[in-house]
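First the structure, in the form of structure tokens, and then the observations on it.
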Amino acid sequence: MIEKYIDLSKNMDHCGSGSNKKCYVFDDVVLLKGDFVNPEAFSIKKEKLDLLKNNGVNVCSILDNAIVDGVRYELQERAKGEELFNYSLIRSSEGHQKYLSILDSLSKQDISFFKKFLEDWYMILKMGVDVDPSKSTNFFYNNDSICFIDLNLIDNIESRLSWLFKEAAVVLRGGGLLWQCKDVYEEANERVKIIYQKLGCAALELGADIDDYVEFLDPNNEYELKDYFEKYQNKSRSL
Ligand SMILES: Nc1ncnc2c1ncn2[C@@H]1O[C@H](COP(=O)(O)OP(=O)(O)OP(=O)(O)O)[C@@H](O)[C@H]1O
Ligand SMILES: [Mg+2]
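In my numbering, the protein residues as written are 184 to 422.
Spelled out as structure tokens, the structure:
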């Protein structure tokens, strides 16, 4: 199956965002090419991703792999939507506007959207797999849900779990893009505040240590998160 796509890729341009792999995009699948597929890890990772997928977690199944002329390839299901944020957005004012429009769309999502994102990431970690959160290109967004790509086997699950809620917030903010897309800083920061609030409510519903979350994201009380979550918790208690 993969051979057909390897042949087709020879006459195609690859999409340019990965730092290690070249990605050839087809209708429903992508072909990844690069020095990354560890043949021993392949079947373990495939099994774990299939299990996650069968449990409703937003990941892409790995369909096949091959080594041809010493080059490694992997065929995967194609994630819906596009990269959540891309650092190339900092380069132009259109990019800054696009950054703002993505934040705007995220800030309008229900708490259930944020809860699903956290629950999926939690399940991924529990399965012994993880995503590099420093790259928002590893998260695909289609205005409806977030899919995790570029997943790798890990073994330090517990230390990663303690960062989950905080890292999720940084990913949804687009990391440092907030300060780099200077044209739209004020409007973007208003959306970031709403995203932090909704993600925090989702985290609370999942039993997170909200003080830790607040301390990390809002050390100077710029977003008044402490107050916000106290009110939110009191309201939930009195319901
Ligand atoms: N399953 C997929 N569906 C859609 N696009 C994908 C998929 N896998 C990879 N891509 C695209 O190819 C790019 C590079 O893939 P990937 O992130 O796996 O490689 P990478 O080189 O390790 O990237 P980096 O090290 O920069 O995170 C992704 O950012 C994405 O744009
Ligand atoms: Mg990547």
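Even glycine gets a Cβ: it sits at the ideal position worked out from N, Cα and C.
Given the structure is predicted, the values throughout are model-derived calculations rather than measurements.
Measuring only from the beta carbon, is residue i closer than 7 Å to any heavy atom that is part of ligand 1?
i: residue 359; result: no
i: residue 397; result: no
i: residue 420; result: no
i: residue 243; result: yes
i: residue 203; result: yes
i: residue 224; result: no
i: residue 405; result: no
Could you tell me which of the options sits nearest to residue i, measuring between CA atoms?
i: residue 279; options: 235, 364, 388, 371; result: 364
i: residue 272; options: 366, 401, 224, 204; result: 366
i: residue 368; options: 281, 196, 215, 297; result: 281
i: residue 337; options: 261, 287, 195, 311; result: 311
i: residue 270; options: 357, 277, 230; result: 357
i: residue 334; options: 327, 418, 214, 228; result: 228
How should residue i be labelled, buried or exposed, when 16 other C-beta atoms within 10 angstroms of its C-beta is the threshold for buried?
i: residue 257; result: buried
i: residue 362; result: exposed
i: residue 251; result: exposed
i: residue 233; result: exposed
Is residue i near ligand 2, in the sense that its beta carbon is under 7 Å from a heavy atom of that ligand?
i: residue 333; result: yes
i: residue 321; result: yes
i: residue 409; result: no
i: residue 216; result: no
i: residue 318; result: yes
Establish whether the CB of residue i and some CB of chain C are separated by less than 8 Å.
i: residue 366; result: The structure shown contains no chain C; it is built from a single protein chain.
Query - Three CB pairs or more closer than 8 Å across the region 314 to 327 and the region 406 to 421 - result: no
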